[in-house]
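A.B. asks: Below you'll find the structure I mean.
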Amino acid sequence: MAVTERTIVVDEAGLAELRTARADLLVEAEAGPDRFVLATGPFKTYERELDVQAATGVASEGPPQYAVTERTTWQLALPVWWIVYWLPARYAITHRLGPNQQPWWAPPSRIDRQTAHVLGLLCTLAVFSGYLGSILSQTITFVTEEFGNDRSDQGVALATVRFGIPIAVGLLAAADRHGRRRLLLLTGVAASLVTATAVLAPNLVALTISQAIARAITTALGLLIGIVAAEELPAGSRAYGVSVLALTAALGSGGTVWLLPLADIDARLWRVVYLVPLLFVPAIIALVRRLPESRRFARSEDRPTIENFRHLWTEQRGRLILLALGAFLFLFFAAPASQFQNEFLRDERSFSASRITLFTICTSTPAGLGVFFGGRLADRRGRRFVGIAGVVGSAGFGVWSYFSTGPALWLMTLLAIVIGGMTAPALGVYLPELFSTRQRATANGLITTVGVVGSASGLFVVGWLADESRWNAFGPAFAVAAVAPMLYALLIWRRYPETARRELEDLNPVDRPGARPGDG
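In numbering that gives the first Met the number 0, the protein residues as written are 0 to 519.
What follows is the structure, given as structure tokens:
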């Protein structure tokens with residue numbers, strides 16, 4: 000718990016302002032003379048008290064002056080990540096904004112204590128999910144080196160692991176019926192344990208089988224994290240929530256990068272990277288125990304039935320097909336662009352494992368700027384413009400990077416990643432927004448399934464074209480694959496709805512109290 004105290008000299012107007020309950024980052028409620036407590040806001044505890052005295056040492060003939068000591072006792076309701084927000088929050092405590100204005104670093108729409116608590120826990124789970132989701136793409140080049148496989152084998156393995164997606168769909172359907180919290184625990188623990196089985200793999204086939212299962216469970220985990228966030232956050236802050244989840248997931252994926260230099264010592268030490276998830280298990284259990292069920296799921300009046308799923312197809316078919324097609328086109332390029340990067344750097348640009356680590360850190364760390372500000376822009380200005388800019392920019396600079404060498408390679412990759420970072424909050428938020436609570440997780444699973452087909456198709460095509468027996472280079476292969484994201488940008492422009500600042504119940508009338516499938 001922190002105590003912030005300041006003494007200032009003010010006139011009558013300044014004193015009146017201090018004696019008015021604030022309504023910016025938080026909303027205060029009067030609890031007595033010159034005493035205010037928390038009405039709503041991202042704080043666990045909050046109390047502000049004023050001690051007002053006549054100011055001394057000021058001209059007596061002027062207007063009255065007052066020496067006011069303002070003492071604020073506060074504690075953020077943000078587990079784990081409070082340390083990141085402590086200094087900005089401390090500044091906000093002593094620098095009041097106008098009514099309903101939010102600091103630049105805070106969600107555009109005010110959040111309450113439970114939402115802050117849930118978001119902090121979800122961000123921590125996202126770190127684990129990010130590590131688990133990136134582990135194979137970061138290690139595959141060293142795995143195939145040990146097992147004696149070529150680029151084509153890499154492409155087949157990276158595509159094949161995606162076909163465990165029916166497992167993810169089943170888990171997500173269970174989350175619609177049994178709750179988000181229970182399935183978060185199951186998927187988090189199971190993904191960590193199954194990922195760790197890779198240390199026993201004797202060949203690429205065995206590793207591919209184990210990681211197909213692990214990746215499917217991890218996919219369900221990541222989608223559930225985003226769904227819970229969307230169900231908790233206010234209408235004006237959902238893209239912001241997706242952005243901070245993407246940032247923390249990127250922090251987790253960066254953990255695999257930091258361990259890559261072990262492969263310079265011995266190619267077989269890539270297995271150490273797969274042991275780390277065993278450490279996640281007790282942390283995940285502890286986190287989920289503190290996580291309440293999402294408010295919208297708890298309020299949902301019934302659980303999925305055949306009638307509900309018929310409604311998903313008959314009345315939300317257009318949304319389902321739209322987002323599924325978008326996922327296919329986006330991942331057709333994005334999946335191979337990320338999965339083959341280490342192979343490109345090691346084979347075509349002669350990077351060592353340590354240099355790959357340095358390259359990844361230098362080009363990926365600034366991506367947080369694109370993700371963070373993309374989220375704020377998507378909430379304030381709309382999803383579509385930000386999404387189109389991110390898709391076109393990331394694809395264009397991404398292709399350029401695979402034709403580049405030297406400083407240009409670093410710069411083009413940096414631009415592709417930073418601009419592409421805007422797509423995560425701007426477009427990722429559509430998945431939970433456009434479907435009702437009854438089918439939200441199931442719909443996300445089905446869309447992800449089509450996205451997996453897109454990513455697998457892209458991996459097959461790029462891996463096949465870039466193989467030594469054909470073009471023997473990634474640049475031309477990615478130039479072909481870039482047609483897909485350009486079509487995706489056109490689809491967003493022509494067909495995607497604008498959902499910024501709209502409540503989920505407005506987007507999905509069936510979620511309104513008393514509504515039944517078929518309403519709205």
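No residue lacks a Cβ here, since even glycine has one placed at the ideal position from N, Cα and C.
As the structure is a prediction and not an experimental result, all values here were calculated from the model.
Is the segment 252–271 in contact with the segment 81–88, if contact means three or more CB pairs nearer than 8 Å?
C.D. replies: Taking 8 Å as the limit for Cβ pairs, the verdict is that the segment 81–88 does not touch the segment 252–271.
A.B. asks: Does the beta carbon of Ala248 come closer than 7 Å to any beta carbon on chain C?
C.D. replies: In the structure shown, chain C cannot be found, because there is only a single protein chain.
A.B. asks: Out of Val398, Ser435 and Leu486, point me to the one whose CA is closest to Leu324's CA.
C.D. replies: As a first step, residue 324 must be located in the sequence shown, where it is residue number 325. That would be Leu486, whose Cα lies nearest to the Cα of Leu324.
A.B. asks: Tell me, please, which residues DSSP counts as bridged to Gly31.
C.D. replies: Counting from 1 along the sequence shown, the entry for residue 31 is found at position 32. Arg34, per the DSSP bridge assignment.
A.B. asks: Only counting the same chain, and skipping five residues up and downstream in sequence, which positions put a Cβ closer than 6 Å to that of Trp104?
C.D. replies: Locating residue 104 in the sequence shown gives position 105, counting from the first residue. Same-chain partners within the cutoff: Pro87.
A.B. asks: By the three-class DSSP mapping on this structure, what secondary structure does Asp265 have?
C.D. replies: Taking the first residue of the sequence shown as position 1, residue 265 is located at position 266. Coil, per DSSP.
A.B. asks: Taking just the CA atoms, how far does Ser435 sit from Gly519?
C.D. replies: In the sequence shown, counting from the first residue as 1, residue 519 sits at position 520. In the sequence shown, counting from the first residue as 1, residue 435 sits at position 436. In this predicted model, Gly519 has a pLDDT of only 49, less than 50, meaning its place in the structure is not dependable enough to derive any value.
A.B. asks: Report the CB separation of Ala234 from Glu502 in whole angstroms; it is logged as a contact under 8 Å.
C.D. replies: Indexing the sequence shown from 1 puts residue 234 at position 235. Indexing the sequence shown from 1 puts residue 502 at position 503. So it is a contact: roughly 5 Å between Cβ atoms.
A.B. asks: For Asn443, count neighbouring C-beta atoms within 10 Å of its own C-beta (all shown protein chains included) and say buried if the count is 16 or more, exposed if not.
C.D. replies: What you label residue 443 is simply residue 444 of the sequence shown in a count that begins at 1. Per the 10 Å Cβ criterion, buried.
A.B. asks: Using DSSP with H/G/I as helix, E/B as strand and the rest coil, what is Phe42?
C.D. replies: Taking the sequence shown and counting its residues from 1, one reaches residue 42 at position 43. Note: Phe42 maps to strand in three-state DSSP.
A.B. asks: If you follow the beta strand (DSSP E) that Glu69 is in, where does it begin and where does it stop?
C.D. replies: One-based indexing of the sequence shown puts residue 69 at position 70. Run containing Glu69: Tyr65 to Leu75, per the beta strand (DSSP E) assignment.
A.B. asks: Once you ignore the five residues that flank Gly526 on each side, which residues in its own chain have a CB closer than 8 Å to its CB?
C.D. replies: Shown here, the chain extends from 0 to 519; a query on residue 526 therefore has no answer.
A.B. asks: CA-CA distance, Gln52 and Thr68?
C.D. replies: Along the sequence shown, one-based indexing puts residue 52 at 53. Along the sequence shown, one-based indexing puts residue 68 at 69. Distance between the alpha carbons of Gln52 and Thr68: 8 Å.
A.B. asks: Is the distance from the Cβ of Ala76 to the Cβ of Ala115 below 7 Å?
C.D. replies: Position 77 of the sequence shown holds residue 76. Position 116 of the sequence shown holds residue 115. Yes, they are a contact pair.
A.B. asks: Does DSSP classify Thr498 as helix, strand or coil?
C.D. replies: Residue numbering aside, residue 498 sits at position 499 when the sequence shown is read from its first letter. Looking at Thr498 - three-state DSSP - the assignment turns out to be coil, as it is neither helix nor strand.
A.B. asks: Please state whether the Cβ-Cβ distance between Leu458 and Gly154 is less than 7 Å.
C.D. replies: Sequence index remark: in the sequence shown, residue 458 carries index 459 (1-based). Sequence index remark: in the sequence shown, residue 154 carries index 155 (1-based). Closer than 7 Å, so yes.
A.B. asks: So is Asn99 buried or exposed if we call it buried at 16+ other beta carbons inside 10 Å?
C.D. replies: Within the sequence shown, residue 99 is the residue found at index 100, counting from 1. Asn99 should be labelled exposed.
A.B. asks: Go ahead and pull the three-state DSSP assignment for Arg438.
C.D. replies: Translated into positions along the sequence shown, residue 438 becomes position 439. For clarity, residue 438 is Gln in the given sequence; the question names Arg instead. Looking at Gln438 - three-state DSSP - the assignment turns out to be coil, as it is neither helix nor strand.
A.B. asks: In chain order, what are the residue ranges of uninterrupted alpha helix (DSSP H) at least 4 long that sit wholly in the segment 113–180?
C.D. replies: Runs of the alpha helix (DSSP H) inside the segment 113–180: 150–159 and 164–177.
A.B. asks: Just how far apart, CA to CA, sit Tyr429 and Leu368?
C.D. replies: Here residue 429 refers to the residue found at position 430 of the sequence shown. Here residue 368 refers to the residue found at position 369 of the sequence shown. If you take the alpha carbons of Tyr429 and Leu368, they lie about 21 Å apart.
A.B. asks: According to the neighbour-count rule (16 or more other Cβ atoms, all chains shown, within 10 Å of its Cβ), is Met0 buried or exposed?
C.D. replies: On the sequence shown, residue 0 is found 1 positions in, with the first residue counted as 1. It counts as exposed.
A.B. asks: Measuring straight from C-alpha to C-alpha, what distance separates Val168 and Gly450?
C.D. replies: Residue numbering aside, residue 168 sits at position 169 when the sequence shown is read from its first letter. Residue numbering aside, residue 450 sits at position 451 when the sequence shown is read from its first letter. Distance between the alpha carbons of Val168 and Gly450: 12 Å.
A.B. asks: According to the Cβ coordinates, are Ala478 and Val398 closer than 7 Å?
C.D. replies: Counting from one through the sequence shown, the residue named residue 478 turns up at place 479. Counting from one through the sequence shown, the residue named residue 398 turns up at place 399. Yes, the Cβ-Cβ distance between Ala478 and Val398 is below 7 Å.
A.B. asks: On the DSSP bridge assignment, give the partners of Thr6 in chain order.
C.D. replies: The residue given as residue 6 occupies position 7 in the sequence shown. Answer is Thr68.
A.B. asks: Note down the Cα distance separating Glu145 from Arg379, rounded to an integer number of angstroms.
C.D. replies: Position 146 of the sequence shown, counted from the start, is the residue given in the question as residue 145. Position 380 of the sequence shown, counted from the start, is the residue given in the question as residue 379. About 49 Å.
A.B. asks: Which residues in the same chain have their Cβ closer than 6 Å to the Cβ of Val280, if we skip the five residues on either side of it in sequence?
C.D. replies: Position 281 of the sequence shown holds residue 280. Same-chain partners within the cutoff: Val188 and Ser191.
A.B. asks: Could you tell me which of Met421, Asn148 and Arg348 sits nearest to Thr404, measuring between CA atoms?
C.D. replies: Taking the first residue of the sequence shown as 1, we reach residue 404 at position 405. Minimum Cα distance to Thr404 is reached at Arg348.
A.B. asks: Please name the residue in Tyr84, Arg109 and Arg318 whose C-alpha comes closest to that of Arg500.
C.D. replies: Position 501 of the sequence shown, counted from the first residue, corresponds to residue 500. Closest option to Arg500, Cα to Cα, is Arg109.
A.B. asks: Specify the secondary structure class of Glu292 as computed by DSSP and reduced to three states.
C.D. replies: Numbered from 1 along the sequence shown, position 293 holds the residue referred to as residue 292. Residue state, collapsed to three classes: coil.
A.B. asks: Using three-state DSSP, classify Gln52 as helix, strand or coil.
C.D. replies: One-based indexing of the sequence shown puts residue 52 at position 53. If DSSP states are grouped into helix, strand and coil, Gln52 belongs with the strands.
A.B. asks: Pick from Ala282, Asp23 and Leu17: whose alpha carbon is nearest that of Arg528?
C.D. replies: No answer is possible for residue 528: it lies beyond the span of the chain, which begins at 0 and ends at 519.
A.B. asks: Compute the Euclidean distance between the alpha carbons of Glu432 and Arg180, then round it to the nearest angstrom.
C.D. replies: What you label residue 432 is simply residue 433 of the sequence shown in a count that begins at 1. What you label residue 180 is simply residue 181 of the sequence shown in a count that begins at 1. Taking the straight line joining both Cα atoms gives about 19 Å.
A.B. asks: For Ala1, which three-state DSSP category applies?
C.D. replies: Reading the sequence shown from its first residue, position 2 is the one you call residue 1. Three-state DSSP puts Ala1 in a strand.
A.B. asks: So, is Gln113 buried or exposed, given that buried needs 16 or more other C-beta atoms within 10 angstroms?
C.D. replies: As a position in the sequence shown, residue 113 is number 114, starting the count at 1. Exposed is the call here.
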